[in-house]
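A short worksheet on the structure shown next.
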Amino acid sequence: MDDDTPEFTERQRDLLEMLPATSRDIAEEFDVALTTVESHRNALKDKGVPLEFDRETNEWFVDGSPGWKASAADQDDGDDDEDTTFPEEPDPSDLTERERYILHQLQTATDTEELAEDLGESPSVVESYFQTLEAKGWQIYHDETADLFEIEGDHTLRSSEHKGTRTRKANRWWEKRHNELVKAWKRIDTPEIETTATDGNEDWVVHMTDLHAGDLVRGYDDSVVHQSEDLPPIIDYITDRSLALKEKHGSAYDTAYLLWGGDFVTNEGIYEGQHENLDQWLDEQTDTLHPPLMRQVKAYSQAFDNVVIICQAGNHGDIRASGSSKQANADLLLYKSIRNAVGELAEVGYCENVGFNIGRAGSPTPFWLRDGAIHGQLRHGQDRKPQAETSSRKKEWLSTVVDSLNFGQAVDIIWMGHYHVSGRIPWNGPPIFVTASPLPVGEYPRKLGEVDGLNEPDIATCHGVSDDGVTGVFPIDPRKFDGKIGE
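Anchor point for the sequence shown: position 283 equals 283 in UniProt numbering, and the numbering is continuous, going up by one each time.
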């Protein structure tokens, strides 16, 4: 190496040879975190390397100005011969309440102005908090392209006392996966969906709930009558039948609403001995459902001008580990991963007419149809019984109507699941549709006393909605299902 060449570590030389390249490409090539890439860049800059950033290509490159090597050699004092090292694992117990809150925001990426407004501080004060956190060992990465700050690595904000059981591992897995999905979503530029209501037209609604991916169901003779691999063709069947029934209804439509009612995954560790009734762990459950749900989204995107997907978390999705948030729900992971995939498609011109409304776990999700004329409410159903015949049950549903009135507009239609039974609740209130599970009738509805005969319950519900309310109702049952849809 000549006198005009500064001293570089082997890793720094490899990085220079790779340029021009994006930070993520470099991180993937060397299998390091983005913060590590940034630290190497800063070390190169300290040695006088004129690194520049191209905002059009999102690539870093070396400015080819003459004499930069000699200038860099003058600045190099030879002390930086080793790769950058980082602090040991940071300790969450060393955080103040405000620092903990800031880290929670950084886990899903944020910008300084948004965080400053949230905290009631100036951006410069927020940056000083970042410096304090970095001094405590937390690695904070700045994504120049999206102008977002985020915490790097797989750190979670819970102490080691919560680790050990499989449920707690699932909780940690949920937190890491959720943060990855939210950060990815903030980097996707998706179009806003503006629904319309043309006079004389209708909206089309499909309610699907309680898929329970991961459940292994045994029959009367203890043979397997349902397993997770059965679900993709069942979902494809629901998609195809609902689109056929939309044609049978024969209306002109403005918007389709896909109502995903929760318990799409059955999770693990929800009840004692659940592992005996599982054929998939949590990550495999989401992998099973992703392709058929994406097929449903794409089919509806092609069939309607606008599609809105309303997502409700179920109780089986709850991550029931000590210290977990109420929003730690595996259904939300599935919904957000599909939302991100649709957002990526929209960036290249596909599914641009699809929007999402992902509700919070533990509470119903209100939304509006017919451009605001109809107030709908999607709930999973674990906090309501599928009947209003007794005074106590009627009082529960009346309280739901009162809550919506206090919100500003009385609810017009309600959808629920959870009980694996189907039908419409008879009462003198807004229509309440109860949709069952695609799983074979098992012990759960029998324990509730809800199995009255040998007929299979409906596995999905679809209907039209005009400016005046519900029109034709079409339950979907499995009579025409041959198990070959989607193969």
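Ideal Cβ placement from N, Cα and C applies to all residues, glycine included.
Residue 253, enclosing beta strand (DSSP E) - first and last residue
253-260 is the span of the beta strand (DSSP E), which, as asked, contains residue 253.
Can you tell me which of 91, 334, 332, 377 puts its alpha carbon nearest to the alpha carbon of residue 138?
-> The shortest C-alpha separation from residue 138 is found at 91.
>> So residue 148 and residue 109 are supposed to be a Cβ contact under 8 Å. How far apart are they, rounded?
In response: A Cβ-Cβ distance of about 4 Å is found for the pair residue 148 and residue 109, placing them in contact under the 8 Å criterion.
task = Provide the residue span of the beta strand (DSSP E) that contains residue 355, from first to last.
result = Counting along the chain, the beta strand (DSSP E) containing residue 355 begins and ends at 354-358.
Inter-residue Cα distance where the pair is residue 463 and residue 214 = It is roughly 29 Å from the alpha-carbon of residue 463 to the alpha-carbon of residue 214.
Can you list, in chain order, the residues of its chain with a C-beta nearer than 8 Å to that of residue 359? Leave out the 5 residues immediately preceding and following it.
Closer than 8 Å at the Cβ level, and outside the excluded window around residue 359, lie 310, 311, 312, 313, 365, 378.
Would you grab the beta carbon distance between residue 285 and residue 266 for me? Rounded to a whole angstrom, and I think it's under 8 Å. Indeed they touch by this definition, with Cβ atoms about 7 Å apart.
Review point. Excluding the five sequence neighbours on either side, which residues of its own chain have a C-beta within less than 6 Å of the C-beta of residue 405, listed in chain order?
Key: So the list is empty, once near-sequence residues are dropped.
Next item on the list: Using only alpha-carbon positions, find the residue among 342, 457, 403 that is nearest to residue 424.
Entry: Of the listed residues, the one whose Cα sits closest to residue 424 is 457.
Query raised in the report: How many angstroms separate the CA atom of residue 437 from the CA atom of residue 135?
Result: In a straight line, the C-alpha of residue 437 is about 51 Å away from that of residue 135.
Exercise. Based on Cα-Cα distance, which residue from 418, 399, 422 lies nearest to residue 494?
Worked result: The first residue shown for the chain is 1 and the last is 487, placing residue 494 beyond what the model contains.
Margin query: In whole angstroms, give me the CA-to-CA distance for residue 444 and residue 420.
Written below: Per-residue confidence for residue 444 stands at a pLDDT of 48, beneath the threshold of 50, marking its modelled position as unreliable; no derived number is given.
**Request:** Please classify residue 101: does DSSP put it in a helix, a strand, or coil?
**Result:** If DSSP states are grouped into helix, strand and coil, residue 101 belongs with the helices.
**Report entry** Check whether residue 129 and residue 151 have beta carbons under 7 Å apart
**Finding:** Contact flag unset, no.
In this structure, how does DSSP classify residue 202 when only helix, strand and coil are distinguished?
Here residue 202 sits in strand by DSSP.
Any heavy atom of the ligand COA closer than 6 Å to the Cβ of residue 257?
For the structure depicted, the ligand COA is absent and the ligand set is empty, with no information on it obtainable.
*asked:* I'd like to check one pair, residue 390 with residue 417: are the Cβ atoms closer than 7 Å?
replied: Not closer than 7 Å, so no.
Note to self: Going by C-alpha to C-alpha distance, which of 220, 476, 221, 252 sits closest to residue 305?
What the structure shows: Nearest C-alpha to residue 305: 252.
Q.
When you compare the region 15-35 with the region 54-63, are there three or more beta-carbon pairs, one atom per stretch, that lie closer than 8 Å?
A. The region 15-35 vs the region 54-63: in contact.
Task: Nearest neighbour of residue 201, chosen from 356, 370, 414, 341 [CA to CA] - done: It is 370.
Exercise. Use the C-beta contact count for residue 335: other C-beta atoms within 10 angstroms, 16 or more gives buried, fewer gives exposed.
Key: Residue 335 should be labelled buried.
Quick check on the DSSP output: the alpha helix (DSSP H) that includes residue 228 runs from which residue to which?
That residue, residue 228, is in no alpha helix (DSSP H); it is neither H nor E in DSSP.
Check the DSSP bridge columns for residue 107 and list the partner residues they point to.
-> Bridge partners of residue 107: none, in fact.
DSSP puts residue 474 in a beta bridge; with which residues? Residue 474 is bridged by DSSP to 462.
Grab me the residues of residue 382's own chain with a C-beta within less than 8 Å of its C-beta, minus the 5 sequence neighbours each way, in chain order.
Only 314, 315, 418 meet the Cβ criterion.
- prompt: Smallest Cα separation from residue 344: which of 375, 294, 227?
  reply: Among 375, 294, 227, the Cα nearest to that of residue 344 is on 294.
| So is residue 192 buried or exposed if we call it buried at 16+ other beta carbons inside 10 Å? | The residue in question, residue 192, is exposed, as its Cβ has fewer than 16 Cβ neighbours within 10 Å.
Subject >> In DSSP terms, what residue 213 is bridged to >> reply: Looking at the DSSP assignment, residue 213 forms a beta bridge with 265.
(Q) Give me the residue from 224, 289, 248, 223 with the minimum Cα distance to residue 212. (A) Distances from the CA of residue 212 to each of 224, 289, 248, 223 were compared; the closest alpha carbon is that of 289.
Output needed for residue 356: all residues of its chain with C-beta closer than 7 Å, excluding positions within five of it in sequence on either side, in chain order. Sequence-distant Cβ neighbours of residue 356 in its own chain, meaning closer than 7 Å and more than five residues away, are 309, 311, 339.
*asked:* Going by DSSP in three states, residue 71 sits in which element: helix, strand or coil?
replied: Any reading at residue 71 must be qualified, since the residue scores a pLDDT of 48, below 50, and its modelled position is unreliable; no value is offered.
Query raised in the report: Which residues in the same chain as residue 165 place their Cβ atom closer than 6 Å to its Cβ, once the five residues preceding and following it in sequence are excluded?
Result: With a pLDDT of 45 at residue 165, under the threshold of 50, the modelled position of this residue cannot be trusted; read the value that follows with caution. Apart from the 5 residues on each side of it in sequence, residue 165 has no Cβ closer than 6 Å to any other Cβ in its chain.
_At 3 residues or longer, what runs of the beta strand (DSSP E) sit wholly inside the region 374-415?_
Runs of the beta strand (DSSP E) lying entirely within the region 374-415, each at least 3 residues long, are 374-378 in chain order.
For the putative contact between residue 461 and residue 207, defined by C-beta atoms under 8 Å, what is the C-beta separation to the nearest angstrom? About 4 Å separates the two Cβ atoms, so the contact holds.
_Between which residues of its own chain and residue 299 is the CB-CB distance below 6 Å, once the five residues before and five after are set aside?_
Excluding positions up to five away in sequence, the list reads 239.
Span separating the alpha-carbon of residue 183 from that of residue 127
Their backbone Cα atoms lie some 20 Å apart in a straight line.
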